[in-house]
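The numbers in our numbering rise by one with no breaks, and the one at position 119 of the sequence shown is 477.
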Amino acid sequence: MGVLGILVAVLVVGLGLTRSALLDVDRVTVSGAQHTPVASIQRATGIRSHSPMTDVDLDRARRGVLALPWIRTVSITRDWPGTVRVVVTERTAVAVVAAGAAGFALVDRDGRVLETSPAAPTGYVVVANVPTPSAPGTTIDPSSGDALAVASSLPPDLHAKVSMIVLDANGVSLRLTEGGVVRLGPATDVDAKLRAADTVLTSVDTKNLCAVDVRVAAAPSLTRGKGCL
């Protein structure tokens, strides 16, 4: 057999090995998922067990997983001889939005709809006066961006005092669970405004509180009494 014949034989054998059961997909492992079922991620890859490892379309698999509502990033690699590894990071929910007939939608900082439920999930602030979201995996109207920016920046102590974030022509305001509002105005200098609001609400008697105005973060003001909104 000549050199050419030997090369052809080697290529044929190599091709045969890549198509054999020795190098097919035995398992698809998933790590990093907390809210998304592992089985849903495995299905989304489109990778079938016992298909040749060389046939795995990694780009298609990534696109499929990224389409899942909670998934922010994904890495998919072949681990020879028979494992495909999927590593995901999930999005962080920041607020709840009324979703019409679907009930309520849990959304992240970018307005991505993560899931819907008949009742509002506990532990999240409600955002009002924003467009009704669609199905999980879609993104709500960008006009909700200011309210979501505030929701994602709330310090823990202040978050516990807020029942609702309202977006209107005057900007963003916080409705407090014990009554009264915090006026933030435009969603600029958000961190400074929230720190100012948190400081005021922590350091003063909030009895009969009407409004805390932190539209100028360096000069917050407080109003008491009824009917001042």
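We put the beta carbon where it would ideally sit given N, CA and C, even for glycine.
Remember, predicted model here, so these are calculated numbers, not experimental data.
- Taken through DSSP and simplified to helix, strand or coil, L426 comes out as coil.
- Residue state for S492 is assigned as coil, using DSSP reduced to three classes.
- With contact defined as three or more Cβ pairs closer than 8 angstroms, the region 509-517 and the region 491-500 are not in contact.
- Counting C-beta pairs closer than 8 angstroms gives fewer than three between the region 448-455 and the region 410-422, which falls short of the contact rule.
- According to the DSSP assignment, G503 belongs to the alpha helix (DSSP H) that extends over 503-511.
- V388 and T447 have their C-alpha atoms some 11 angstroms from each other.
- DSSP, reduced to helix, strand and coil, places A397 within a helical segment of the structure shown.
- The C-alpha of R533 is placed about 14 angstroms away from the C-alpha of V572.
- Beta-carbon to beta-carbon, A463 and V471 are separated by about 5 angstroms, close enough to satisfy the 8 angstroms threshold.
- Secondary structure remark: continuous beta strand (DSSP E) runs of at least 3 residues inside the region 437-502, in chain order: 441-448, 451-456, 462-466, 471-475, 483-486.
- When the five nearest sequence neighbours on each side are left out, the beta carbons in the same chain lying within less than 6 angstroms of the beta carbon of S521 are those of R533, T535, in order along the chain.
- In this chain, T557 is not harboured by any beta strand (DSSP E); it is covered by the alpha helix (DSSP H) spanning 548-561.
- By the neighbour-count definition (other C-beta atoms within 10 Å, threshold 16), G583 is an exposed residue.
- Going by beta carbons, N487 and V432 fall outside the 8 angstroms limit.
- For D415, there is no enclosing beta strand (DSSP E), as DSSP gives it neither H nor E.
- Per DSSP, the beta bridge partners of D382 are P410.
- For G529, the uninterrupted beta strand (DSSP E) run begins and ends at 529-534, by DSSP.
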